[in-house]
Amino acid sequence: MKETGILMAVSSLPSRYGVGDLGRSATEWIDHLAENGVTIWQILPLNPTGYGNSPYQPYSSFAGDEIYLSLELFAEQGLLEKAPDPFQQYSERVQYDAIRAWKEPILRAAWKAFVPDADYQAFAETEWVQEYAVFRAFKKANEGCCWLEWELWQRDWTRDKGGNLDAYQEEISYQIFLQYQFLRQWQTVHDYAHKNGVRIMGDVPFYVGVDSVDVWAGRENFLLDSDGRPTFIAGVPPDYFSVTGQRWGNPIYNWEQMEQDGFAFWVKRIGYNQTLFDIIRIDHFRAFDTFWKIPATCPTAVEGEWIEAPGYAVIDTLYEKIPNLTLAAEDLGDLRPEVLTLRDHYHLKGMKVLEFTLDFSGRFARDTGECKENQILYTGTHDNATLHEWYGSLRTAERRKLRRWLKKQGFGTGSIIDRLNACALADRSEWVIVPVQDIMGLSGRARMNLPSTVGSPNWEWRLPEMAGAEKALRRLRPQIMQRKKP
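See the structure below:
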């Protein structure tokens, strides 16, 4: 059976409070997916967003972002007297700073009303939870500064557990509460998806941010100087998206050290995410084969070199240590053949993007054999233009050629966006995933991210209400159900 998925970030869900959350909007969305034959919901990382509100620069690989906590569920638990009045309910952009400031006193009120039990106490003693809570408490005390700017004893706390934490205990307790509630709410969403035949694909960035508990508490895993600052950083060389490359700023892994301890960081990280999701999509999978190593002193990504990574050793270890692991590979871009060999060695599904397979000097990749069954075909990803924006960027002759080709393939009726979606859903790929922006035919204003740029409007797009997405799903239901036929 071929499957259909929809890509929509949790942050993009409609809700009463300006950002998607893990309450009614999430379960209502799952209802709509199930009713229309969709079996995969792909999301973006749920970790606490850091620099530029990017989910790919999180404070932790384990923690969840408290911005997604449902206040309505807190009211149902009795942690709030009632659900608050709506706040930015119909905004089409997530105003992260404003929402965090508005939610903060409400979350603290819920924490004050919470009575810990044995389940909570067991959770609170988990190593990553303890480290994350202390990290956030120190960060708050330092007005949000990167941990590299903290006092020495705070920077080194995970090494010797030195220093008096009495002044931080209240904040530590609050942060643990947030993570406990996040996990409970997420598990409810995850269980609800299972009951309705929907699997959730989570996205795990290959790298972590320098201003993260991962680096603060595990400096030995990264190439850093004696002060903890990266000596080399990650990115990609000049490509389709940028003539100067993409300088992400993430620290490079110390693979030699990681190999000595059995890749413990990766086992813990992927193992924990396996408990949260049914499928884990590894963003920038190619770095398991080779990664672009940029000197930290370079202002762009032009200077750097490709370095081989121990991909086979890492992935062998992951499959050995983590039961029922299901991985998918983001393998887009200019790749050397060895990356595809690595992917295929583990029978991982790679990716194709419809926008990139329409070659106007040749034929659609499906006809040339480039698109395979064991892969995921996307109309676009969070980094691409929407179909509407992409089609609008084509020259007149290219649009004409595309319409003729679609008609020849049997997709000659409906809007151009409907025809492109139908084309994708008819593909031989085992999984076809369509961003919600594309099923709705939205313009470039709904684009999620423009690579090599930081800050607004990236990561801000959201649905103010569910009706448009529900209607679009119903319109695609016949093609989705056709894919499910053996």
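Using this note's numbering, read the sequence shown as starting at 295 and increasing by one per residue. In this text, a Cβ means the ideal position worked out from N, Cα and C, and glycines have one as well.
Item: How far does the alpha helix (DSSP H) with LYS702 in it extend, from its first residue to its last?; Value: 690 to 702
Item: Does DSSP put PRO545 in a helix, a strand or coil?; Value: strand
Item: When the Cα of GLN731 is compared with those of PHE705, LYS695, GLY704 and ASN678, which residue comes out closest?; Value: ASN678
Item: Examine the Cβ distances between the segment 640 to 653 and the segment 618 to 626 and report whether three or more of them are shorter than 8 angstroms.; Value: yes
Item: Taking only the alpha-carbon atoms, compute the straight-line gap between ALA720 and MET742 and give it to the nearest angstrom.; Value: 25 angstroms
Item: With distances taken between CB atoms, is the gap from SER536 to SER364 smaller than 8 angstroms?; Value: no
Item: Helix, strand or coil for TYR672, going by three-state DSSP, please let me know.; Value: strand
Item: Within 10 angstroms of the Cβ of TRP447, are there 16 or more other Cβ atoms? Answer buried if so, exposed if not.; Value: exposed
Item: Once DSSP output is grouped into helix, strand and coil, what is the label at VAL726?; Value: strand
Item: So, at 7 angstroms on beta carbons, what are the nonlocal neighbours of TYR547 in its own chain, with the 5 sequence-adjacent residues on each side left out?; Value: ASN515 and PHE516
Item: Give me whichever residues DSSP pairs with PHE585 in a beta bridge.; Value: ILE601
Item: Alpha carbons only, please: which of GLU370, ASP505, ALA369 and PHE582 is nearest the one belonging to ASN544?; Value: ASP505
Item: Please classify ILE601 as buried or exposed, where buried requires at least 16 other C-beta atoms within 10 Å of its C-beta.; Value: exposed
Item: Give me, in chain order, the residues of the same chain whose beta-carbon lies closer than 8 angstroms to that of ARG402; leave out the 5 immediate sequence neighbours on both sides.; Value: TYR468
Item: Quick check on ARG741: does DSSP put it in helix, strand or coil?; Value: coil
Item: Grab the span of the alpha helix (DSSP H) containing ARG771 for me, first residue to last.; Value: 761 to 778
Item: State whether the segment 305 to 318 contacts the segment 382 to 392, with contact taken as three or more CB pairs (one from each stretch) at a distance under 8 angstroms.; Value: yes
Item: Would LEU696 and THR673 be called neighbours here (beta carbons separated by less than 8 angstroms)?; Value: no
Item: Less than 6 angstroms between C-beta atoms, sequence neighbours within five positions excluded: which residues of the same chain meet that for GLN773?; Value: ALA716 and LEU719
Item: Taking DSSP's pairing of strands, which residues face ASP497 in a bridge?; Value: ARG575
Item: For PRO617, which of ASN567, ALA328 and LEU301 has the nearest alpha-carbon?; Value: ASN567
Item: Give me the residue from GLU398, HIS578 and GLY503 with the minimum Cα distance to VAL346.; Value: One detail in the question is off: residue 346 reads as Gly in this sequence, not Val. Per the Cα distances, GLY503.
Item: Assuming LEU373 and ALA404 make a contact with CB atoms under 8 angstroms, what is their CB distance in whole Å?; Value: 4 angstroms
Item: Taking the alpha-carbon of ALA607 as reference, which of THR482, HIS639 and ALA595 has the nearest alpha-carbon?; Value: HIS639
Item: Helix, strand or coil for MET302 per DSSP?; Value: coil
Item: Go through its chain and collect everything with a Cβ distance to THR569's Cβ below 8 angstroms, but skip five positions before and after it.; Value: none
Item: Looking at ILE733 and LEU757, is the spacing between their C-beta atoms short of 8 angstroms?; Value: no
Item: How would you write the range of the alpha helix (DSSP H) that ILE781 sits in, first residue to last?; Value: Given a span of 295 to 780 for the chain in the structure shown, any question on residue 781 remains unanswerable.
Item: Contact between the segment 317 to 328 and the segment 470 to 478 is defined here as three or more beta-carbon pairs at a separation below 8 angstroms; is this criterion met?; Value: no
Item: If you pair each beta-carbon of the segment 487 to 498 with each one of the segment 570 to 588, do three or more pairs fall below 8 angstroms?; Value: yes
Item: Figure out for me which residue from LEU518, HIS676 and SER305 has the closest Cα to the Cα of LEU442.; Value: LEU518
Item: Using the three-state DSSP reduction, which class does PHE381 fall into: helix, strand or coil?; Value: coil
Item: What residue does the beta strand (DSSP E) around LYS646 start on, and which one ends it?; Value: 644 to 647
Item: Can you tell me whether GLY346 is helix, strand or coil according to DSSP?; Value: helix
Item: Could you tell me which uninterrupted beta strand (DSSP E) segments, each at least 3 residues in length, are contained entirely in the segment 299 to 341, listed from first to last along the chain?; Value: 334 to 336
Item: VAL304 and LEU340: beta carbons closer than 8 angstroms?; Value: yes
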